[in-house]
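Asks: Chains L and A, in that order, are what the protein sequence lines are. Residues -13 to 365 in the working numbering are what the first sequence spells out, letter by letter. Residues 383 to 672 in the working numbering are what the second sequence spells out, letter by letter. Just so you know, even glycine gets a beta-carbon here, dropped at the ideal spot from N, CA and C. Since the model is a prediction, treat every value here as computed from it, not as a measurement.
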Amino acid sequence: MNIHEYQAKEILRGYGVPIPPGEVATTPAEAESIAKKYGTAVMVKAQVHAGGRGKAGGVKFCKTPADAKEKATAILGMKIKDLTVEKVLVTVAADIGSEAYVGIIVDRATKKPVFMVSAAGGIDIEQVAAETPEKILYVPVDVRYGLPAYDAMRMGFFLFSDVKLARAAAKIMQQLYAAFMASGCSLAEINPLVVTPTGEVLAVDGKMVIDDNELDRLPAVAALRDESSEEPSEVDARNANLTFIKLDGDVGCVVNGAGLAMATMDLVKYYGGEPANFLDIGGSSNPEKVVNALRIITADKNVKAILFNIFGGITRTDDVANGIVTATKANPLKVPIVIRLTGTNEEIAMKILTENGFSASSDMDEAVQKAVALAKGGK
Amino acid sequence: MSVFIDKNTKLVVQGITGRDGSFHTKQMMEYGTQVVAGVTPGKGGQKFEGTVPIFNTVMDAVQATGANTSVIYVPPPFAADAIMEAAAAGVQLVVCITEGVPVLDMTKVYPFVKERGVRLIGPNCPGLITPGEAKVGIIPGRICTPGPVGVVSRSGTLTYEVVYQLTRAGIGQTTCVGIGGDPINGTNFIDCLEAFEKDPNTKAVAMMGEIGGTDEQEAAEYIKKHMKKPVVGFIAGQTAPPGRRMGHAGAIISGSSGTAAEKLEAFAAAGMGIAQRPMDFVELIKARLK
């Protein structure tokens, strides 16, 4: 789960990370009054779940409250990577002497949280990693012992030769690590970590990505989810316990299992079609899940054909068949449907489908080709 | 011969009285797996299906029955502890089926099992099956048949698809292993490839990877350097958009790394057969068994 910059900063502040004051505004007037309160130059920053906000014109420096109002007017409502900006963060503009990068990710190779720090901050760290890898220091952390002070100091000195600055940075690493672990993060970043001309070390931007598997046990973190900034069909699917990702094609896919769902999308593409979505109905399915899946898929006006690909293991194919029948009785389909199912209770499923006027095949390749042809208007 | 499990496997089921645990325990018993014990705290002394003794702890179960393998069906918040409990109790192999284990839990569990020399498969995996001998997990037994092909995969139902097609074409399997779709799992492709290379009955390997991470690239490197047996590979998620988690927590393309193209390139460089579609495994494997 992504959270907004202002939310990540609130969490980090709670762990003592020094961050310039800021507040969220949803109208230009609010932005103006927040700027007035601070009585100094501010940054107005779009709060959306997308990178490249600065390049898109969603981050502006404002000298006066009137300026903040004008910039907020421009930013609120603008679209960044298809996402409408509904909130801006109005925050005191820091004097920037130098910029560094500090981040933690869960690394698959070492199977540990790994710090990445670089004195080349303020820009895309992946670019630094690709072009000048020697400018990044990687420090894995054994979670059983936490971040040892010597490792934090080593990173501090990698960024700054001045001991005071190194110490200040090391302290921020400890605070960031504590926030990362307690909030169930898979990624946490401060970029840039700024040194002001007067020698203060400040976090000017913060980002956190939360592991979805943590949300059940961290209700306070789960409550930070901003559904208004997500694709509505994806919110709908999540509430129905389906894993769904909307894509741009016209073959709507309903599959059980993530690997098979990806392989099905790939096969649609292989035969010259375009998948409209990724949808995994999961393991122990019931007819209700299938009804929800069909509702979500048929709501997408781009969908020209629907493809079911079910390999019943835990999933009972008769449950899926019953779901298809129930859903289409309530809401008759306007687009053709191709059903492939095999596995647990296959005979019962085929009988249910045939009795209700559907045909089904047990071959994945054949079903995919047929769905692609139908989406293209063929038979 | 086979890898990791066989007819001598003595299994303890953690979470044996739960909805999933009880259903799949019956299936494993029907398949012929030696289920020697179950664990559900508070139900020690009872029997599952009138035959399998239930214990309060894995330690008790291992001491009383000599179980050497554990399978875990407990809910996600308790899965990490269940893995550590099994490893501490002295089983050699722990198979964690549970989906949704927080990845930070796994950062603790992984060194714990490694330091004890225990093999962990999963979490978020379908388990494994040695056709005709034993199954540990949830892979449907009837789609498998004994034969010369080792199967290893990050996915569940995609594995079933490929195994089913092999079986229908008369190509059997030594062992099928689902290593799971999470970013941190106990056993990776290389561990399985190494085991298949050593197993005298395995003549060829089918490997199903996914987008995300670099496991497949490292596996390709291993194959190039250390394997004499032929390997055929497939990557799911060629059409996946970057930055989106495709169901499996591990299936996400971040930046420029973990793409299908990158992985297929590594496969080609290792001289592996490449299945463009799941159904291509049949012909590619057949050609390599001759």
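1) I want to know whether the stretch 160 to 180 of chain L touches the stretch 447 to 464 of chain A - three or more CB-CB distances under 8 Å.
2) So the alpha helix (DSSP H) D402 (chain A) belongs to, where does it begin and stop?
3) Measure the beta-carbon distance from A361 (chain L) to A291 (chain L) and round it to whole angstroms, keeping in mind my assumption that it falls under 8 Å.
4) For P99 (chain L) and chain A, any beta-carbon pair shorter than 8 Å?
5) Anyone know if the C-beta pair for A307 (chain L) and L339 (chain L) falls short of 8 Å?
6) At a CB distance below 9 Å, what residues from the stretch 456 to 490 of chain A approach chain L? Give them in sequence order.
7) For the stretch 401 to 430 of chain A, which residues have a beta carbon sitting closer than 9 Å to at least one beta carbon of chain L?
8) Return the first residue and the last residue of the alpha helix (DSSP H) that T549 (chain A) is part of.
9) What residue from A:G432, A:V485 and A:G655 has the CA that sits closest to I605 (chain A)'s CA?
10) For V181 (chain L), write down the residues that DSSP places opposite it in a beta bridge.
11) Please go through the stretch 569 to 645 of chain A and give each complete alpha helix (DSSP H) segment of 4 or more residues, from N-terminal end onward.
12) Which residue from L:L246, L:V277, L:D128 and L:S214 puts its Cα closest to that of N(-12) (chain L)?
13) Assign V175 (chain L) to one of three DSSP states: helix, strand, or coil.
14) So for F230 (chain L), helix, strand or coil by DSSP?
15) Using a C-beta to C-beta distance shorter than 7 Å, which residues of chain L count as neighbours of G537 (chain A)?
16) Put I214 (chain L) into one of helix, strand or coil per three-state DSSP.
17) Whole angstroms are fine: how far does the CA of S535 (chain A) sit from the CA of F571 (chain A)?
18) Per the DSSP calculation, D266 (chain L) is bridged to which residue(s)?
19) Under DSSP, the beta strand (DSSP E) around E369 (chain L) begins and ends at which residues?
20) Are the beta-carbon atoms belonging to V477 (chain A) and G499 (chain A) less than 8 Å from one another?
21) If you measure beta-carbon to beta-carbon, which residues of the stretch 605 to 624 of chain A are closer than 9 Å to chain L?
22) In the stretch 641 to 661 of chain A, which residues sit with their C-beta less than 7 Å from some C-beta in chain L, listed in chain order?
23) Got a sec: is the Cβ-Cβ distance from Y1 (chain L) to anything in chain A below 8 Å?
24) How many whole angstroms separate the CB atoms of T541 (chain A) and G560 (chain A), which I take to be in contact at a CB cut-off of 8 Å?
25) For a cutoff of 8 Å on Cβ pairs, would you count T451 (chain A) as touching chain L?
26) Using only alpha-carbon positions, find the residue among A:M441, A:E412 and A:Q416 that is nearest to P423 (chain A).
27) Verify whether the separation of the beta carbon atoms of I5 (chain L) and A42 (chain L) is less than 8 Å.
28) How about D236 (chain L): is its C-beta nearer than 8 Å to some C-beta of chain A?
29) My output table needs one value for K362 (chain L): the three-state DSSP class, helix, strand or coil.
30) Kindly list, in the order they appear in chain L, the residues whose Cβ is closer than 7 Å to that of I520 (chain A).
31) Tell me where the alpha helix (DSSP H) around A168 (chain L) begins and ends.
32) Are any of the Cβ atoms in chain A nearer than 8 Å to that of I(-3) (chain L)?
33) Which parts of the stretch 106 to 142 of chain L are runs of the alpha helix (DSSP H), unbroken and 4 residues or longer, counting only runs that do not cross its ends?
34) For G309 (chain L), does the three-state DSSP call read helix, strand or coil?
Replies: Per the coordinate set shown:
1) no
2) The residue given as residue 402 (chain A) occupies position 20 in the second sequence. Looking at the DSSP string, the run of the alpha helix (DSSP H) that includes D402 (chain A) is R401 to Y413.
3) Counted from its first residue, the first sequence places residue 361 (chain L) at position 375. Counted from its first residue, the first sequence places residue 291 (chain L) at position 305. The pair is a contact, with the Cβ atoms about 4 Å apart (cut-off 8 Å).
4) By 1-based counting over the first sequence, the position of residue 99 (chain L) is 113. Yes, P99 (chain L) lies at the interface with chain A (some Cβ there is under 8 Å from its Cβ).
5) Locating residue 307 (chain L) in the first sequence gives position 321, where the first residue counts as 1. Locating residue 339 (chain L) in the first sequence gives position 353, where the first residue counts as 1. Cβ distance < 8 Å, so A307 (chain L) and L339 (chain L) count as in contact.
6) P458, P459, E481, G482, V483, P484, V485, L486, D487, M488, T489 and K490
7) R401, D402, F405 and H406
8) If you number the second sequence from 1, residue 549 (chain A) lands on position 167. Where T549 (chain A) is concerned, the enclosing alpha helix (DSSP H) stretches over T539 to R550.
9) The residue labelled residue 605 (chain A) in the question sits at position 223 within the second sequence. Considering only alpha carbons, the answer is A:G655.
10) On the first sequence, residue 181 (chain L) is found 195 positions in, with the first residue counted as 1. In DSSP, V181 (chain L) forms a bridge with L:S84 and L:V187.
11) 571 to 580 and 597 to 608
12) Mapped onto the first sequence, residue -12 (chain L) falls at position 2. Here the closest residue by C-alpha is L:S214.
13) Taking the first sequence and counting its residues from 1, the one referred to as residue 175 (chain L) is at position 189. The amino acid occupying residue 175 (chain L) in the given sequence is Glu; Val does not appear at that position. In the structure shown, E175 (chain L) sits in a strand (DSSP, three-state: E or B).
14) Locating residue 230 (chain L) in the first sequence gives position 244, counting from the first residue. Three-state result, F230 (chain L): strand.
15) Within the second sequence, numbered from 1, the residue matching residue 537 (chain A) stands at position 155. Before going further, note that residue 537 (chain A) is Ser rather than Gly in the sequence given. Near S537 (chain A) (Cβ distances below 7 Å), the residues of chain L are G243, A244, G245 and L246.
16) By 1-based counting over the first sequence, the position of residue 214 (chain L) is 228. Note that residue 214 (chain L) is Ser in the sequence shown here, rather than Ile. DSSP, reduced to helix, strand and coil, places S214 (chain L) within a helical segment of the structure shown.
17) As a first step, residue 571 (chain A) must be located in the second sequence, where it is residue number 189. As a first step, residue 535 (chain A) must be located in the second sequence, where it is residue number 153. Going by the C-alpha atoms only, they are around 8 Å apart.
18) The residue labelled residue 266 (chain L) in the question sits at position 280 within the first sequence. DSSP output for D266 (chain L) lists L:T229 and L:V241 as bridge partner(s).
19) There is no way to answer for residue 369 (chain L), as the model of chain L reaches only from -13 to 365.
20) Position 95 of the second sequence, counting from 1, holds the residue named residue 477 (chain A). Position 117 of the second sequence, counting from 1, holds the residue named residue 499 (chain A). Going by C-beta atoms, V477 (chain A) is not nearer than 8 Å to G499 (chain A).
21) Of all residues in the stretch 605 to 624 of chain A, F616, I617, A618, G619, Q620, T621, A622 and P623 have a Cβ within less than 9 Å of some Cβ in chain L.
22) Q658, R659, P660 and M661
23) As a first step, residue 1 (chain L) must be located in the first sequence, where it is residue number 15. No, because no Cβ of chain A sits closer than 8 Å to the Cβ of Y1 (chain L).
24) Here residue 541 (chain A) refers to the residue found at position 159 of the second sequence. Here residue 560 (chain A) refers to the residue found at position 178 of the second sequence. Indeed they touch by this definition, with Cβ atoms about 5 Å apart.
25) In the second sequence, the residue the question calls residue 451 (chain A) occupies position 69. Closer than 8 Å: no.
26) If you number the second sequence from 1, residue 423 (chain A) lands on position 41. Closest option to P423 (chain A), Cα to Cα, is A:M441.
27) Here residue 5 (chain L) corresponds to residue number 19 of the first sequence, with the count starting at 1. Here residue 42 (chain L) corresponds to residue number 56 of the first sequence, with the count starting at 1. No, the Cβ-Cβ distance between I5 (chain L) and A42 (chain L) is not below 8 Å.
28) In the first sequence, counting from the first residue as 1, residue 236 (chain L) sits at position 250. Taking Cβ atoms only, chain A never reaches closer than 8 Å to D236 (chain L), which makes this a no.
29) In the first sequence, counting from the first residue as 1, residue 362 (chain L) sits at position 376. The answer is coil: DSSP assigns K362 (chain L) none of H, G, I, E or B.
30) Counting from one through the second sequence, the residue named residue 520 (chain A) turns up at place 138. Simply G299 and I300.
31) Numbered from 1 along the first sequence, position 182 holds the residue referred to as residue 168 (chain L). Run containing A168 (chain L): V149 to A168, per the alpha helix (DSSP H) assignment.
32) For the purposes of this step, residue -3 (chain L) is identified with residue 11 of the first sequence, where counting begins at 1. Taking Cβ atoms only, chain A never reaches closer than 8 Å to I(-3) (chain L), which makes this a no.
33) Every unbroken stretch of the alpha helix (DSSP H) spanning 4 or more residues and falling wholly within the stretch 106 to 142 of chain L is given here in chain order: 111 to 117.
34) For the purposes of this step, residue 309 (chain L) is taken as the residue at position 323 of the first sequence. Helix, per DSSP.
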